[in-house]
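Protein chains in written order, with this note's numbering: chain X, 1 to 551; chain R, 552 to 821. Glycine residues also receive a C-beta, built at the ideal position from the N, C-alpha and C atoms. This one's a predicted model, so the numbers in the text were calculated from it and none came from an experiment.
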């Protein structure tokens with residue numbers, strides 16, 4: 001132990017970790033991606049600053065208004081949104097980002113206190129804390145301007161409220177981190193998050209449908225919720241300030257004490273997780289129990305599809321199995337129905353002018369187009385989910401043409417399934433699409449699909465990007481792919497919409513399928529040409545494929 | 552005269568300014584258990600990637616079983632098995648689905664693929680994990696699965712990049728026995744490993760690559776004789792050491808010039 005003259009100092013350890021993080025940041029700027037990342041951070045940081053300062057002014061004005069008008073208890077109305085933002089934003093953001101792996105810190109001789117301090121410092125640097133802190137500062141200034149005597153007490157209460165928020169965020173995050181450590185729970189979380197995002201789109205139609213009738217119900221709900229909110233941190237903090245403003249020192253102190261009790265409970269619950277982490281708990285997904293080895297078991301036979309070679313069938317089977325095991329991807333299958341439901345709710349309201357209300361016969365084409373758009377996620381980056389598996393494709397004796405063909409057949413199968421679901425959905429929500437519209441839509445799809453598959457196959461090999469179905473935020477294609485696919489969609493949908501509009505205008509709907517079938521001949525020829533280029537392209541892009549997908 | 556399993560001539564790979572592999576002339580006879588060694592960053596993985604079609608060579612030629620790799624790539628790939636550095640697994644398939652898939656991709660019929668998949672899972676002691684997704688396997692289990700996938704079609708040449716990394720001692724023993732059985736039946740195995748004891752025990756022939764260049768190639772005895780001859784002509788090797796039979800580790804260290812760093816002493820450590 002030569003040279004080790006004293007126990008490691010927590011302050012030196014914290015300084016060392018801060019320096020490492022700085023060096024990681026500096027080294028990240030060596031690449032163009034790192035420089036772009038810095039640029040993004042500057043843009044986001046500026047937005048946060050503007051949002052924070054603007055919010056602080058707004059919140060300050062609100063606080064000034066309530067306090068100067070003797071309605072300090074209404075401060076709860078300002079503190080609740082801050083509280084909600086502070087708690088929910090980091091959790092929502094965790095669906096997009098990697099969580100902090102505390103095990104990296106544990107290999108160093110950190111004592112428990114230093115470990116807790118580090119965790120809290122990490123937490124204190126997130127945008128929610130910065131914004132929440134700025135907004136509370138705005139409220140404090142608003143209160144001070146309205147009633148200078150309240151400044152000290154309000155500062156104490158808001159500081160306690162801010163600390164409580166910081167600890168509660170850490171507590172929630174520590175537990176969410178525990179759940180997100182497992183693939184399955186991570187997927188469930190991603191699905192819930194996705195559903196949450198979609199449900200926001202229901203708000204508009206719901207409000208337009210029930211809005212005028214909901215005011216008394218909202219009042220009743222407000223009356224019921226009020227006592228509950230008073231017993232929770234934002235309500236308690238507002239009561240503490242309001243009581244002091246009214247000269248009720250005892251009540252104000254009791255409210256602050258109650259905030260303290262909340263703080264103690266939160267610290268206790270947080271410390272359960274932190275202590276477990278500090279002890280080095282293992283959240284890996286390695287098998288927990290090893291059952292005794294069984295004798296040779298029968299392995300199910302692979303699929304057999306008449307007319308398809310073994311390798312193409314194997315790729316088709318593999319692709320469909322992959323999709324069936326991805327919660328978020330399965331969810332995209334029902335998304336067109338959810339969107340139709342949204343349109344349906346909007347239409348149920350008697351307000352005129354709804355697109356599908358004016359043209360209900362377009363329900364099926366719109367749903368089919370939406371399904372095709374969703375499919376571009378897969379088509380334009382069709383090796384993204386394979387990850388390291390690309391090495392197998394590169395080393396196997398199967399031509400890439402067969403691999404791509406198998407993948408495209410899987411895409412077409414998914415699209416066919418989606419369109420069936422959409423057809424049934426349109427029939428239930430609106431009315432069954434006419435035969436002419438059904439044929440026109442199907443022939444339009446016959447034109448649009450080969451174009452998308454052809455361009456998608458080429459882009460998938462030229463600019464691949466690793467994606468993970470189970471995690472949101474890791475399903476994005478490269479910027480180039482996004483740009484090109486956007487252009488293709490504009491061209492294809494523009495052409496299809498124009499054809500359909502002209503056919504409807506001249507009341508000759510049958511013209512549309514004829515035109516689409518003619519276009520389909522060209523798009524199939526283009527697909528075949530692209531398929532012929534696939535092998536050469538894959539060989540030429542071996543390094544890009546391996547380096548991008550095996551990260 | 553037997554056709555050699557692998558022959559390379561002037562094999563070179565550049566990454567921009569960096570020459571990762573330069574003018575490598577390899578010759579691996581059929582039926583050899585061939586160890587390909589080198590320090591970190593020497594060019595081992597780059598070479599094995601070029602030999603298996605994962606990476607294009609900048610220049611030079613590769614012949615596998617008498618076939619020109621560039622001209623008959625698909626035919627060559629049909630006759631080789633590979634465990635690449637990244638293992639090439641599909642995480643969202645179960646173990647049995649993956650082996651079934653690989654078998655079909657190598658042209659096995661459904662029944663044969665399923666039968667061999669079951670046998671391999673049992674052999675690799677993965678039978679009780681066959682319904683678990685590959686992504687949920689431990690690293691060692693994934694390695695065993697990758698090995699099983701590499702042999703499911705009965706390849707004539709097996710390329711293994713660090714096959715024993717992360718594999719437990721029991722499974723390693725099983726795998727070694729399997730590899731030796733393959734050699735006995737006439738297959739060729741081309742293996743890279745940092746564990747020189749394993750290479751010494753398994754391989755009959757060895758090549759050493761250093762800074763992208765092939766610096767030694769031959770049977771273990773030939774390499775040993777070469778190093779000893781060099782030692783006898785030089786003065787840096789002490790007599791008692793030269794008199795003993797050199798281990799592969801000693802041969803390796805002297806060939807790549809690692810002797811000095813191995814003998815360096817960190818006075819403050821222990």
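Taking a Cβ-Cβ threshold of 7 Å, none of the residues of chain R is close to residue 533 of chain X; the smallest such distance is about 17 Å.
Beta-carbon to beta-carbon, residue 238 of chain X and residue 134 of chain X are separated by about 19 Å, too far to satisfy the 8 Å threshold. The way I'd put it, the segment 588-604 of chain R does touch the segment 760-780 of chain R; three or more beta-carbon pairs between them come closer than 8 Å.
Distance between residue 776 of chain R and residue 758 of chain R, taken at the CA atoms: about 14 Å.
Residue 26 of chain X and residue 17 of chain X have their alpha carbons spaced roughly 14 Å apart. Classified as exposed, residue 553 of chain R has fewer than 16 neighbouring CB atoms from the shown chains inside 10 Å of its CB. Counting every other CB atom within 10 Å of its CB across the protein chains shown gives residue 119 of chain X a total of 16 or more, marking it as buried. By the beta-carbon neighbour count (other beta carbons within 10 angstroms, threshold 16), residue 712 of chain R is buried. As DSSP reads the structure, residue 740 of chain R sits in a beta bridge with R:584 and R:709.
For residue 304 of chain X, a Cβ of chain R is located within less than 8 Å of the residue's own Cβ. Annotation: the segment 749-807 of chain R contains the following complete segments of the beta strand (DSSP E) (minimum length 3 residues), in chain order: 756-761 and 764-770. Within the segment 624-636 of chain R, those residues whose Cβ lies closer than 7 Å to any Cβ of chain X are, in chain order, 625, 628, 629, 633 and 635.
The shortest CA-to-CA distance from residue 256 of chain X to any of X:457, X:541 and X:240 is the one to X:240. Assigned with DSSP and collapsed to three states, residue 636 of chain R falls in coil, not helix or strand. Within the same chain, and ignoring the five residues on either side of residue 322 of chain X in sequence, the residues whose Cβ sits closer than 7 Å to its Cβ are 385.
In this structure, the alpha-carbon of residue 442 of chain X lies about 16 Å from that of residue 336 of chain X. With respect to residue 633 of chain R, residue 598 of chain R sits apart: the two C-beta atoms are not nearer than 8 Å.
Its Cα nearest to that of residue 722 of chain R, the residue R:695 stands out among R:695, R:669, R:702 and R:737. Against chain X, the beta carbon of residue 594 of chain R has no neighbour under 9 Å; the closest one sits roughly 15 Å away.
Proximity of the segment 488-501 of chain X to the segment 560-574 of chain R falls short of the contact definition, fewer than three beta-carbon pairs being nearer than 8 Å. Between residue 449 of chain X and the set X:403, X:508, X:438 and X:520, the nearest pair of CA atoms involves X:520. Within the DSSP bridge table, the entry for residue 560 of chain R names R:612 as partners. Of all residues in the segment 389-412 of chain X, the ones placed with a Cβ closer than 7 Å to any Cβ belonging to chain R are 389, 391, 392, 394, 395, 396, 397, 398 and 399, in chain order. Within 10 angstroms of the beta-carbon of residue 816 of chain R lie fewer than 16 other beta-carbons, which makes it exposed. In its chain, beyond the 5 residues on either side, 645, 646 and 647 have a beta carbon closer than 8 Å to the beta carbon of residue 682 of chain R. The Cβ-Cβ distance between residue 661 of chain R and residue 304 of chain X falls below 8 Å.
Not flagged as an interface residue toward chain R: residue 115 of chain X, since no C-beta distance is shorter than 8 Å.
By the Cβ test, the segment 429-440 of chain X is in contact with the segment 508-520 of chain X, since at least three Cβ pairs between them sit closer than 8 Å.
Shown here, residue 229 of chain X sits in a helix according to DSSP, grouped into three states. Residue state for residue 424 of chain X is assigned as helix, using DSSP reduced to three classes.
Put simply, the backbone Cα of residue 613 of chain R is about 9 Å away from that of residue 576 of chain R.
Leaving aside the five residues that flank residue 725 of chain R on each side, the residues in its chain whose CB is nearer than 8 Å to its CB run, in chain order, 674, 675 and 676.
Pairwise C-beta distances place the segment 454-470 of chain X out of contact with the segment 424-432 of chain X, as fewer than three of them are shorter than 8 Å. Within chain R, the residues whose beta carbon sits less than 9 Å from that of residue 301 of chain X are 651, 661, 662, 664 and 665, listed in sequence order.
Taking a contact to require three or more Cβ pairs closer than 8 Å, the segment 685-694 of chain R and the segment 653-672 of chain R do not qualify as touching. Within the segment 637-672 of chain R, the complete alpha helix (DSSP H) segments at least 4 residues long are 646-656, listed from N- to C-terminus.
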